[in-house]
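Residue numbers (the numbering used here): 243 to 554.
One structure is given below, encoded as structure tokens.
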Ligand SMILES: Nc1ncnc2c1ncn2[C@@H]1O[C@H](COP(=O)(O)OP(=O)(O)O)[C@@H](O)[C@H]1O
Ligand SMILES: [Mg+2]
């Protein structure tokens with residue numbers, strides 16, 4: 243981590259963070275604003291995640307960040323330590339951390355030139371992706387989550403806003419603000435993430451291991467991608483909570499049986515019965531070749547047309 247200096251503070255006023263010129267806002271979440279950054283000398287473009295937190299690093303962190311003293315913000319500390327260690331094609335890389343004046347910390351990240359999945363859905367009729375496109379995206383995200391789980395990390399905030407799709411069609415998982423280490427020997431207790439994507443064990447404040455909670459998030463993400471809607475119906479928040487905890491959701495019209503089975507497996511309220519990441523990777527829908535998905539859709543369309551004609 244680079245410490246704040248008077249020079250740096252002056253640079254911030256000049257719309258600079260470190261050696262990066264601050265550009266347009268790329269997005270905004272619940273905790274941070276993300277801006278485009280351009281290196282003043284090389285012209286390299288990055289994403290600047292600006293957090294208004296107080297962060298000081300511990301000696302333990304020093305293998306990843308330079309300088310520092312005591313930890314004061316565990317959440318930000320975890321985000322940095324975890325993301326700094328990750329190296330996967332479908333995870334946005336964290337290059338550097340700059341602590342700027344007035345409790346502001348900036349994460350210098352790999353820029354994903356494209357849009358997040360919530361904005362992507364706006365480009366499709368009914369905000370629903372065709373199955374083939376959803377499969378292409380979901381494969382990349384599950385490969386990132388598989389990598390995380392294998393490396394003892396859980397994301398805990400899987401949602402459309404936290405997946406970026408670049409112009410060349412590559413997906414990158416972002417936002418490690420709720421990420422944590424997990425192990426078979428120790429249960430996690432902190433409730434986190436967004437309510438819509440939160441698994442029953444989170445909503446019921448039960449202990450959880452982590453990976454199955456991510457699988458639930460993947461199930462909700464997949465449901466949203468192919469239906470354009472959230473799975474949990476209900477007039478009131480209480481009704482919606484009941485439906486989530488009991489896994490009550492409406493089937494999506496026009497999707498393949500293999501996709502429907504996968505969503506069912508991910509959205510099982512009981513953690514033990516719920517799919518793990520390997521079950522997802524081995525599921526029929528994930529293994530099917532792209533060609534077959536197309537054929538299935540065409541066939542189901544044809545059958546629907548035949549039925550319509552017979553009924554007429
Ligand atoms: N590496 C990146 N490249 C491009 N845009 C990004 C990048 N990281 C985040 N964004 C945009 O900024 C938004 C907020 O970032 P995020 O890390 O999710 O912040 P928060 O922790 O506040 O949710 C994202 O939803 C996305 O639109
Ligand atoms: Mg976010």
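Just so it is clear, CB atoms sit at the ideal spot from N, CA and C, and this is done for glycine as well.
Bear in mind the structure is a predicted one, so any value in this text is a computation, not a measurement.
Verify the contact flag: residue i, CB atom, against every heavy atom of ligand 2, threshold strictly below 6 Å.
{"i": "residue 417", "result": "yes"}
{"i": "residue 404", "result": "yes"}
{"i": "residue 271", "result": "yes"}
Less than 7 Å separating the beta-carbons of residue i and residue j?
{"i": "residue 516", "j": "residue 454", "result": "yes"}
{"i": "residue 575", "j": "residue 459", "result": "Shown here, the chain extends from 243 to 554; a query on residue 575 therefore has no answer."}
{"i": "residue 330", "j": "residue 519", "result": "no"}
{"i": "residue 469", "j": "residue 370", "result": "yes"}
{"i": "residue 326", "j": "residue 316", "result": "no"}
{"i": "residue 283", "j": "residue 267", "result": "no"}
{"i": "residue 568", "j": "residue 527", "result": "No information on residue 568 is available, as it lies outside the stretch 243 to 554 that the chain covers here."}
{"i": "residue 408", "j": "residue 332", "result": "no"}
{"i": "residue 457", "j": "residue 424", "result": "no"}
{"i": "residue 262", "j": "residue 279", "result": "yes"}
{"i": "residue 405", "j": "residue 390", "result": "no"}
{"i": "residue 355", "j": "residue 334", "result": "no"}
{"i": "residue 393", "j": "residue 346", "result": "no"}
Quick check on residue i: buried or exposed, where buried means 16 or more other Cβ atoms within 10 Å of its Cβ?
{"i": "residue 533", "result": "Residue confidence is low: residue 533 scores 48 on pLDDT, short of 50, so the model does not pin down where it sits. Its coordinate-derived value is still stated next. Exposed, since its Cβ has fewer than 16 Cβ neighbours within 10 Å."}
{"i": "residue 321", "result": "buried"}
{"i": "residue 302", "result": "Its pLDDT being 45, under 50, residue 302 is placed unreliably in this model, and the value from its coordinates should be taken loosely. Its Cβ having fewer than 16 others within 10 Å, residue 302 is exposed."}
{"i": "residue 319", "result": "buried"}
{"i": "residue 449", "result": "exposed"}
{"i": "residue 380", "result": "buried"}
{"i": "residue 428", "result": "exposed"}
{"i": "residue 257", "result": "exposed"}
{"i": "residue 411", "result": "exposed"}
Cβ of residue i versus every heavy atom of ligand 1: is any distance shorter than 6 Å?
{"i": "residue 440", "result": "no"}
{"i": "residue 467", "result": "no"}
{"i": "residue 420", "result": "no"}
{"i": "residue 358", "result": "yes"}
{"i": "residue 386", "result": "no"}
{"i": "residue 353", "result": "yes"}
{"i": "residue 290", "result": "no"}
{"i": "residue 274", "result": "yes"}
{"i": "residue 429", "result": "no"}
{"i": "residue 316", "result": "no"}
{"i": "residue 334", "result": "yes"}
Based on the DSSP secondary-structure assignment, which residues constitute the bridge partners of residue i?
{"i": "residue 294", "result": "346"}
{"i": "residue 263", "result": "258, 280"}
{"i": "residue 289", "result": "278, 351"}
{"i": "residue 484", "result": "Paired residue(s): none; residue 484 is not in a bridge."}
{"i": "residue 414", "result": "406"}
{"i": "residue 450", "result": "430"}
{"i": "residue 356", "result": "408"}
{"i": "residue 269", "result": "276"}
Are there any heavy atoms of ligand 4 lying less than 6 Å away from the beta-carbon of residue i, as far as the coordinates show?
{"i": "residue 463", "result": "The ligand content of the structure shown is limited to ligand 1 and ligand 2, which means ligand 4 is not among them."}
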